[in-house]
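Number of protein chains: 2
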Amino acid sequence: MNASEVHSDFLDIQENIIAELKKLDPLVIENSDEWQRKEGGGGKTCAFEQGSFLEKGGINFSDVTGENLPPTALNNRPELTGASFRAMGISIVFHPNNPHVPTSHANVRFFNAKTQNEKNIWWFGGGFDLTPYYPILEDVIFWHQQAKELCDSFKEGLYSKFKKNCDEYFYLSHRDETRGVGGIFFDDLILKDFSTSLDFCKKVMQTFTKSYFNIFMKRKELSFGENEKKFQNYRRGRYVEFNLVHDRGTHFGLQSGGRTESILMSMPPTANWTYDWVPQDDSKEEELYKNFLQPRNWLEIKE
Amino acid sequence: MNASEVHSDFLDIQENIIAELKKLDPLVIENSDEWQRKEGGGGKTCAFEQGSFLEKGGINFSDVTGENLPPTALNNRPELTGASFRAMGISIVFHPNNPHVPTSHANVRFFNAKTQNEKNIWWFGGGFDLTPYYPILEDVIFWHQQAKELCDSFKEGLYSKFKKNCDEYFYLSHRDETRGVGGIFFDDLILKDFSTSLDFCKKVMQTFTKSYFNIFMKRKELSFGENEKKFQNYRRGRYVEFNLVHDRGTHFGLQSGGRTESILMSMPPTANWTYDWVPQDDSKEEELYKNFLQPRNWLEIKE
Numbered sequence: 000m001n002a003s004e005v006h007s008d009f010l011d012i013q014e015n016i017i018a019e020l021k022k023l024d025p026l027v028i029e030n031s032d033e034w035q036r037k038e039g040g041g042g043k044t045c046a047f048e049q050g051s052f053l054e055k056g057g058i059n060f061s062d063v064t065g066e067n068l069p070p071t072a073l074n075n076r077p078e079l080t081g082a083s084f085r086a087m088g089i090s091i092v093f094h095p096n097n098p099h100v101p102t103s104h105a106n107v108r109f110f111n112a113k114t115q116n117e118k119n120i121w122w123f124g125g126g127f128d129l130t131p132y133y134p135i136l137e138d139v140i141f142w143h144q145q146a147k148e149l150c151d152s153f154k155e156g157l158y159s160k161f162k163k164n165c166d167e168y169f170y171l172s173h174r175d176e177t178r179g180v181g182g183i184f185f186d187d188l189i190l191k192d193f194s195t196s197l198d199f200c201k202k203v204m205q206t207f208t209k210s211y212f213n214i215f216m217k218r219k220e221l222s223f224g225e226n227e228k229k230f231q232n233y234r235r236g237r238y239v240e241f242n243l244v245h246d247r248g249t250h251f252g253l254q255s256g257g258r259t260e261s262i263l264m265s266m267p268p269t270a271n272w273t274y275d276w277v278p279q280d281d282s283k284e285e286e287l288y289k290n291f292l293q294p295r296n297w298l299e300i301k302e
Numbered sequence: 000m001n002a003s004e005v006h007s008d009f010l011d012i013q014e015n016i017i018a019e020l021k022k023l024d025p026l027v028i029e030n031s032d033e034w035q036r037k038e039g040g041g042g043k044t045c046a047f048e049q050g051s052f053l054e055k056g057g058i059n060f061s062d063v064t065g066e067n068l069p070p071t072a073l074n075n076r077p078e079l080t081g082a083s084f085r086a087m088g089i090s091i092v093f094h095p096n097n098p099h100v101p102t103s104h105a106n107v108r109f110f111n112a113k114t115q116n117e118k119n120i121w122w123f124g125g126g127f128d129l130t131p132y133y134p135i136l137e138d139v140i141f142w143h144q145q146a147k148e149l150c151d152s153f154k155e156g157l158y159s160k161f162k163k164n165c166d167e168y169f170y171l172s173h174r175d176e177t178r179g180v181g182g183i184f185f186d187d188l189i190l191k192d193f194s195t196s197l198d199f200c201k202k203v204m205q206t207f208t209k210s211y212f213n214i215f216m217k218r219k220e221l222s223f224g225e226n227e228k229k230f231q232n233y234r235r236g237r238y239v240e241f242n243l244v245h246d247r248g249t250h251f252g253l254q255s256g257g258r259t260e261s262i263l264m265s266m267p268p269t270a271n272w273t274y275d276w277v278p279q280d281d282s283k284e285e286e287l288y289k290n291f292l293q294p295r296n297w298l299e300i301k302e
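As structure tokens, then:
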């Protein structure tokens, strides 16, 4: 296990995705901050806003250490209670302007914990998921096909396991809705060895970038009006609800005394709430609720 | 103790405040729903929107029963673990359109729990707090004066205790900011006897209504522009953060399988997030941060 290799690989990932984004949306405004954490470690936050296509987003790196692994990271492993830790991660959220382009999130993370009897434990986690407003079935299938190809190239059965994790994790129990159409999600990951595991995480980020920017480019010029924008902002409210009520990453950040502005860069630029809003019968908006916000086996659907 | 008296008094409170609101803002749109909860009980949600002055708000009543008091209501009283319960409450949030009018919240609640050895326990809780965007010191002092008068008429020392509770409760630790300028907040309340305690809760709601609508009427015609509206929507993001990350009432509702649309009626109509936004030096917006978002003894300030 080599934590400094993770550190430098994660920084490379960050740099590459920033470069890609700027190619696709050259006018996007970038605000970069390098920050230190009093308790140990720090990070580099790259926030984006007011692009031609990206309304708001972030591509963040952090590498923090602490004396007490927060409860959200324990994963039902009581031997880790009170462990000192180092946690590294890349976290990405894109909130595009056009409601026909989905919001998306990706993350890879590495944990290294030292238990009180000096056991040295490491694992990876991560994943990516897609949150469309006006979903296009072809894009959803493409998204999952890419995820499956990546997983299959490492180990059979990985995709269906990680796809199921994702559906279960990005689920708003108080709404009985998934956050979007899912993707893959994994935690406690140790593949064959350390470098295979790290390699998998790197490929996760490559696959995410390729798949998401493909959909982004294809749909970014679709025309939309005030109603579509309104619906996007309403649904962005669900994104806020998920991240603040359910998301373990957000809670880990806030509990471990992380940098609030970096953690909450995942918030959308705008979110609306309307009491008891329901979509009209047979509308495009109803289509989202009916066919996309419950777990489905996307790769078994005949288009 | 007479739970049905609480039930009918709370319903009267709801009706009165609705009538007051409609007098002040006759064009406001009302959406009322009576709902039943599968596990027991129900409520009446009155949501408001698109008034001349009130952009969004709610005046909700609920009376729910359950077999297992949720952890958020245990208040460090382990003997209540596993108790069956009845919980009643009135919960009010007003999000005015004009950024010169503060947002406000008020709540009274009654709990009756039966422990596993058949002990019958009851208590009240509640309070009100004020969240200005462009605070006017005179209003803040008035708000606290009214709260103090109410408390003093019941018991000396109540105001300073409940004011401190409020500052501590409505505190965003991840921002190191109070939600607003506070007010009063109490839990586990048992005054002299049951009817004194119920009477206190009724007066809490009367004081809230009188004080808030006074400020509301005084400031609702102040002129404002796009910048003030933008700042209001930015600060409404903090309101969302508090309610979804910290608020015990929200968590109690979601944990006890409450009706999501009623619980989340507290959400603002719109909220904005901008990465790492800070107010300009010597601006009105900076004034809020500098002088109003940390606990202060408002009644000792010379205007």
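Line order of the protein sequences matches chains A and B.
Read in order, the letters of the first sequence correspond to residues 0 to 302 in numbering that gives the first Met the number 0.
Read in order, the letters of the second sequence correspond to residues 0 to 302 in numbering that gives the first Met the number 0.
Positions of the beta carbon are idealized from the N, C-alpha and C atoms, including for glycine.
Since the structure is predicted, the reported quantities are computational estimates derived from the model, not experimental observations.
Quick check: is the beta carbon of residue i nearer than 9 angstroms to any beta carbon in chain B?
i	result
T102(A)	no
S90(A)	no
V244(A)	yes
K160(A)	no
T80(A)	no
L287(A)	no
R174(A)	yes
E167(A)	no
A112(A)	no
V239(A)	yes
N97(A)	no
T44(A)	yes
A270(A)	yes
T177(A)	no
Helix, strand or coil for residue i? Go by DSSP, reduced to three states.
i	result
Y288(A)	helix
T102(B)	strand
Q49(A)	coil
F161(B)	helix
E293(A)	Note on identity: in this sequence residue 293(A) is Gln, with Glu being the wrong assignment. Correct three-state label for Q293(A): coil.
E155(A)	coil
F123(A)	strand
E220(A)	coil
I189(A)	coil
Y132(A)	coil
Y170(A)	strand
D178(A)	The question names Asp, yet the displayed sequence has Arg at residue 178(A). Three-state result, R178(A): coil.
R108(B)	strand
Hey, out of the options, whose CA is closest to residue i's CA?
i	options	result
A46(A)	H245(A), K118(A), E33(A) and G39(A)	E33(A)
G257(A)	R85(A), V180(A), N296(A) and G182(A)	R85(A)
S152(B)	G179(B), S196(B) and D175(B)	S196(B)
Q270(A)	V239(A), L129(A) and I262(A)	According to the sequence provided, residue 270(A) is Ala. The question's Gln does not apply to it. Of V239(A), L129(A) and I262(A), the residue nearest in Cα terms is V239(A).
G182(B)	P77(B), L149(B), T64(B) and S255(B)	L149(B)
L221(A)	N97(A), G56(A) and W297(A)	N97(A)
H99(A)	I91(A), M87(A), P131(A) and T80(A)	P131(A)
E66(B)	S83(B), A72(B) and L53(B)	S83(B)
K219(B)	R295(B), N59(B), S3(B) and E54(B)	E54(B)
R108(B)	F123(B), T114(B), H94(B) and P95(B)	F123(B)
D128(B)	K301(B), L292(B), E299(B) and I300(B)	L292(B)
Q303(B)	A112(B), I58(B), G81(B) and V203(B)	Residue 303(B) lies beyond the stretch modelled for chain B, which goes from 0 to 302, so this question has no answer here.
Counting only beta-carbon atoms, is residue i nearer than 9 angstroms to chain A?
i	result
M87(B)	no
M204(B)	no
V267(B)	The sequence shown places Pro at residue 267(B), not Val. By this cut-off, P267(B) is an interface position.
D275(B)	yes
I262(B)	yes
G57(B)	yes
G236(B)	yes
D32(B)	yes
N232(B)	yes
Just grab the DSSP bridge partners of residue i for me.
i	result
S61(A)	G42(A) and G88(A)
S83(A)	K113(A)
K55(B)	E48(B) and H94(B)
E29(B)	F47(B)
F326(B)	In this structure chain B extends from 0 to 302, so residue 326(B) is not present and cannot be described.
Q35(A)	G41(A)
N271(A)	T269(B)
Thinking residue i and residue j are a contact (beta carbons under 8 angstroms), I'd like their distance in whole angstroms, please.
i	j	result
E176(A)	R237(A)	7 angstroms
N106(B)	D187(B)	Actually they are not in contact, since the Cβ atoms of N106(B) and D187(B) sit about 15 angstroms apart, beyond 8 angstroms.
M266(A)	L23(A)	Not quite, the Cβ-Cβ distance comes to about 22 angstroms (not below 8 angstroms), so this is no contact.
L253(B)	H173(A)	5 angstroms
I214(B)	W142(B)	7 angstroms
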